[in-house]
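One structure is given below, encoded as structure tokens.
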Amino acid sequence: MWLLQQADAVAALPEIVLAILTLALLMLGVFRKSDASDMVTLGALIALAITALLVIFAPDHQALAFHGALMVDTFARVMKVLALFGSAAALVLSVSFMKRDGSQRFEYPILILLATIGMMLMISANNLIALYMGLELQSLSLYVLAAINRDSARASEAGLKYFVLGALSSGMLLYGASLVYGFTGTTEFPGIAAYLTSNGATLGAVFGLVFVIAGLAFKISAVPFHMWTPDVYEGAPTPVTAFFAAAPKVAAMALFTRTMMDAFGAIQPAWGQIIIFLSIASMALGAFAAIGQTNIKRLLAYSSIANMGYALVGLAAGTQEGVQGVVVYMIIYMIMTLGSFACILSMRRKGYMVEEISDLAGLSRNNKGLAFVFAMLMFSMAGIPPLAGFFAKYFVFLAAVKAGLYALAVIGVVTSVVGAYYYLRVVKIMYFDEPKEAFEPMDGEVKLIAYASGAFTLLFVLPWIASPVIAVAAAAAKSFY
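Per our numbering, the sequence shown runs over residues 453 to 933.
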């Protein structure tokens, strides 16, 4: 028993360490309220770095913890590092913003750490109960983060909408999980897979699967469970929106992939049709609904919906190449998203944030470096070669073609062309419209993330950048085969 507990502790060591450090920082914040914010923020970044090192240098083999509730494999390690990086970058982006906005609180980094623990549990979840526990730990933290600025009516409204719709999605997920348990007799992914391998896609199991997919689709804001995304992205403080768009999306897509491949892989033809519908609907709505947007954060909300649709193309393929495409896509998507929000955080005049796309008019004449980086990120999101976004779409479309999903790949390409319109419109406004008043100088940490993201996007075509990313994604995909 003692050896078993020790093995569990070793497998779950990153989560345990991060939880202990989070509680310690919480106590620090409680007992030193007046000057705790900066110390807690620095402590949170150190905690995330320590956790990332524990994940990276963990034994390179598959391990189960807590009677199979958590699975630690190469896929889990890759996605955890990505989620930790996204959380750290979002935290860095928020430092100057929160100070200037007067909304700096020590609770903010604590909530990000708690959400990150939830993400790590989601990524390693190997049964339906662990899946739900991780998802709720993340979600409860995100609900509070959306409304962290209590003086803002928009932020409060965003938090309330997110909470109400999130509670609905959690109910659907739980109902689906209870049906799956009722018909298969187990909550563990290997047990569900064994039942489905023996009995096929029984009506009850498929019915439960549909509700599970609905709950997970909400977390990645796939259509038709996307309705919260534009309002929450617009209403939440910009650094919080950057966090929402990056790390939680990575964790939710990892959870989605593991659940489908590990638990329901035996009935891939049954759920493949649902994923194809979610993918097409998300790509189409994201492409067309964004055209009329005037607020840059709402634009990126619809862009995020479309991007999740493209990532689902890889999952719909249900193959090793498809999972590899999903991992590559999420790595590139997260870096592009963090860079885009870093650029948005620079949109400040006379001490106030501006969020209208028209406020970017003539940026190329006021700030050539920022305009170039933002333009590269927009071109990349549009999927224009040879930028990183092109290769992200290439890998998921290639997986779809190899799996015989030709129509899905063609629809993906068509919606990419439509989506290019609103990305290129932003570039046109920055480079060809009459200039408005210049923005205030960028904060150093925001500039660093924006320029680093732009460099990655621009230079991804070089083998010494692309090859490691593709190799890591391939190793992660092998975890399911």
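Note that beta-carbon positions come from the ideal geometry of N, C-alpha and C, so glycine has one too.
In terms of Cβ geometry, residue 814 and residue 888 form a close pair [threshold 8 Å]. Inclusion of residue 851 and residue 717 in the CB contact set at 8 Å is not warranted, their separation being larger than that value. Residue 604 and residue 688 have their alpha carbons spaced roughly 9 Å apart.
At a Cβ-Cβ threshold of 8 Å, residue 835 and residue 842 count as neighbours. By the neighbour-count criterion, in which a residue is buried when 16 or more other Cβ atoms sit within 10 angstroms of its Cβ, residue 476 is exposed. In this structure, DSSP gives residue 522 an extended state, which the three-state scheme calls strand. The three-state secondary structure of residue 805, taken from DSSP, is strand. Sorting 561, 792, 911 and 907 by C-alpha distance to the C-alpha of residue 698 places 792 at the top. Contact annotation: the stretch 605-619 does not touch the stretch 727-735, with fewer than three C-beta pairs closer than 8 Å. For residue 645, there is no enclosing beta strand (DSSP E); the enclosing alpha helix (DSSP H) covers residues 641-651. Three or more beta-carbon pairs separated by less than 8 Å are not found between the stretch 525-542 and the stretch 554-563, which leaves the two stretches without contact. Distances from the CA of residue 582 to each of 591, 592, 570 and 593 were compared; the closest alpha carbon is that of 570. For residue 579, the three-state secondary structure derived from DSSP is strand.
Within 10 angstroms of the beta-carbon of residue 762 lie 16 or more other beta-carbons, which makes it buried. For residue 927, the enclosing alpha helix (DSSP H) covers residues 915-929.
Its chain contains 757 as the residues whose beta carbon lies nearer than 6 Å to that of residue 678, once the 5 sequence neighbours on both sides are disregarded; these appear in chain order. Taking 8 Å as the cut-off, the beta carbon of residue 883 is found closer than this to the beta carbon of residue 823.
If you draw a straight line from the Cα of residue 638 to the Cα of residue 797, it is about 47 Å long. Burial check for residue 734: the Cβ neighbour count within 10 Å reaches 16 or more, so the residue is buried. Looking only at 480, 508, 747 and 525, the smallest Cα-Cα distance to residue 932 is reached by 525. DSSP, read as helix, strand or coil, puts residue 601 in coil. Per DSSP, reduced to three states, the secondary structure at residue 666 is helical.
Non-local C-beta neighbours of residue 515 in its own chain, meaning closer than 7 Å and more than five positions away in sequence, comprise 463 and 524, ordered along the chain. A direct Cα-Cα distance of roughly 32 Å separates residue 844 from residue 562. Just measuring C-alpha positions, the residue of 820, 915, 879 and 648 sitting nearest residue 891 is 820.
In the DSSP assignment, residue 517 falls within the beta strand (DSSP E) that extends over 515-517. Between the stretch 478-494 and the stretch 528-537 there are fewer than three inter-stretch CB-CB distances shorter than 8 Å, so the stretches are not counted as touching.
Going by DSSP, residue 710 is part of the alpha helix (DSSP H) stretching over 699-710. Around the beta-carbon of residue 701, 16 or more other beta-carbon atoms lie within 10 Å, marking it buried.
For residue 786, the closest C-alpha among the options 904, 646 and 643 is that of 904.
For residue 686, the uninterrupted alpha helix (DSSP H) segment begins and ends at 680-687. In the DSSP assignment, residue 800 forms a beta bridge with 805. Membership of residue 836 in any alpha helix (DSSP H) is not indicated, and neither H nor E is assigned to it by DSSP. For residue 782, the closest alpha carbon among the candidates 722, 739, 751 and 709 is that of 709. Judged by DSSP secondary structure, residue 488 falls within the alpha helix (DSSP H) whose first and last residues are 488-508. Membership of residue 933 in any alpha helix (DSSP H) is not indicated, and neither H nor E is assigned to it by DSSP.
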